Every structure is written in C-alpha cells, then in structure tokens.
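The structure appears right after this line, and notes come after that.
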DNA sequence: CATGAAAATCCGTGTCA
DNA sequence: TGACACGGATTTTCATG
C-alpha cells in the first residue's frame, strides 16, 4: 500500500472503465504492471468490488432520510433485522444517546413513514428520530490520497 | 426504465466487471442488447459512473462519524466550503434543528477533532454535534428493484 | 449477428533492493 | 532471492454496421 496504489485507487474511483494502459499512464506504470497492482489490491480486499453509481431519483428513491433508532436492548446482533428492510442503505451502531443510525431512501415520505413503522417491529427498538434531507450537497468516494 | 433496466443495474452494482455476455444472460438478453441498454442508461445519467468500492480502513480512514452542523445563517450556498474538507464524504442540508449533516472519515479521533475545528471556520457555523460510529452493520448500493 | 479493432490476461524475462 | 515491472502473444470482449 504505497503512493502508487493510492493513485491507482483514486483513478479507479473516478472511472473504473478506463483501460489498464490509460490507468498505467496516469500513475507512471505499464499496462501489465498496473493490472498486477490492481489485481493484488482486489485480492487483499482493499478494493472490495467494482460497481456502478446510480441516480437514486431514477430508481424511485428520491427521498433521503437519516434515522436515529433508540433501543431498550443490545442491538449488536440486529444486522439481519435492519438488512431485511430494503429501503435501508446503511446501518451503523453509534456511541451516544441512540443506538443505531440508519440511512434510508424511499420514493415518498409516506413510504418513509412505513419504514419507520417497520423499524418499530424490530426487537428492542423503542423509538426513532427521522431527519429528512432537503438537498444533498455531495456524496463522494473515500479520499484515497 | 423497465424491469430489465432495473435488473441490469442490480447486476452491475453487484459486479461491474462482468462481460456483457454474462450480464445479458443474467437478465435474459443478448450481449449486444445488454450493451445497448447499459449505454443508454449511462447516456440518460441513470448510471452516473463506474467506480470501485474501497475498504476505508486500508486507506487510513478507520474512524467514521456523523456530524450535525448548526448554523446561524443560510447554508444553502456553502457546498464548496464543505467540499474543501477532504475528510467529509457526504454533506446534506437537512430539515430540523441542525442545518447540515456531514459524514466524516478520519484515521483517528484526533483527526476527527481537527475536522470539527475546521468546520467552525466555515462562515455561519455556530455549533457541531458529532456522533461516532462504533460498528458499521452494512453499507450497500441503492436497491434497484 | 458478424466482424475488425481493442483490451484484458497470461507468462517469460530482466532488474532492483 | 524475492518482489516487481516490462512487453509480447493469446484469448476475450467491445463496438460498429
């Protein structure tokens, strides 16, 4: 994991469709060497997967909200319960007053309300505080450099 | 934007490196037809880009926190000020008590503290409430189906 | 769907710590 | 000596009509 690896990752985050020859040129490597490095980054799990970034609105997921989930019990083993709700994009255990923070995307605020209702059906959940996003400034990949 | 498009997107989210022949087979299309569909999805901006998903810890960004930023002024034009802080991965204008919600990734809690300090230098920022993530259950792409 | 062009992948060889 | 980079040969994939 040196500066060349970081440069490769930054380039791939920007555009993972570019040819290894182009990629190599951008970081000062031959196509083969660039390919080798990237393969190893994948093997080591540094690069988890190659994916596409999709416009949520086009998928009928125009409403974004963050929900603080309060609980009356240990939520450490509740991964599956949260993962079972398809509208939940992220779920994190947090320090502080609430126990779980989830990021939710729905088509409408009605659907958001329905997600909140389903959250209450999860064992141990005692309350929710939803914060609706009015405008997203930006969402970008983790900085590699 | 029909069910086939949604299936294509779901497949690409899972693995964007697969060949169009494989992709086509997965959704019941020929390689050429799959290629055509995906090209159009890119042109229409539904697929914004192809990127790699990287392990934040490997990049020295093992600490994740969400920060509620309070303000004494309209923050609607502050995109650039937040974007200038490289540790900020997402920034959203929110409804409710605080005005901006940011997602921050740093190597250490010391660095997190430094990010908070820099947030206070942004015009109009009057307070912050940081919530540190103890464990991430999951982070996944927006559901396409 | 076929076909030329281009890219990915494999592998032998050389080189630098 | 081991890890890495190079570059050519082969196979696969892409993109065009």
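Chains as they are written, first to last, in full-length UniProt numbering: chain V, 1 to 145; chain S, 1 to 145. Beta carbons are placed, not taken as given, at the ideal position from N, Cα and C, and that holds for glycine. Computed from a predicted structure; not experimentally measured.
CB contact below 8 angstroms: residue 94/V versus chain S: yes
Do you know offhand how far residue 53/S's Cα is from residue 49/V's? 5 angstroms
Does the beta-carbon of residue 103/S have 16 or more other beta-carbons within 10 angstroms, so that it is buried, or is it exposed? buried
Beta-carbon proximity check, residue 151/S vs residue 68/S, cutoff 8 angstroms: Past the boundaries of the shown model lies residue 151/S; chain S is included only from 1 to 145, so the question cannot be answered.
Residues from the segment 103-132 of chain S in contact with chain V, defined by Cβ distance under 7 angstroms: 105, 131, 132
Below 8 angstroms on the Cβ atoms is my guess for residue 70/V versus residue 98/V; work out the distance and round it to an integer in Å. 5 angstroms
Contact belief for residue 61/S with residue 142/V at Cβ below 8 angstroms, rounded distance in angstroms: 5 angstroms
State yes or no: is the beta carbon of residue 37/S nearer than 8 angstroms to at least one beta carbon in chain V? no
Boundaries (first-last residue) of the alpha helix (DSSP H) holding residue 13/V: 3-14
Answer yes or no: do residue 85/V and residue 118/V have a C-beta to C-beta separation smaller than 8 angstroms? yes
Straight-line gap, residue 133/S to residue 56/S (C-alpha atoms, nearest Å): 13 angstroms
If we cut at 8 angstroms on Cβ distances, does residue 15/V have a partner in chain S? yes
Which residue from 91/V, 1/V, 15/V puts its Cα closest to that of residue 80/V? 91/V
Helix, strand or coil for residue 126/V, going by three-state DSSP, please let me know. strand
Three-state secondary structure (DSSP) of residue 43/S: helix
Buried or exposed (CB count within 10 angstroms, at least 16 for buried), residue 11/V: buried
Under 9 angstroms Cβ-Cβ, which residues of chain S neighbour residue 77/V? What residue 77/V touches in chain S: nothing, since even the nearest Cβ is about 10 angstroms away.
Specify, as a first and last residue, the run of the beta strand (DSSP E) that residue 90/S falls within. 88-94
On a CA-only basis, which of 33/S, 66/S, 125/S, 43/S is nearest residue 73/S? Give me that one, please. 125/S
What do you get for residue 24/S, buried or exposed, if any count of 16 or more other CB atoms within 10 angstroms of its CB means buried? buried
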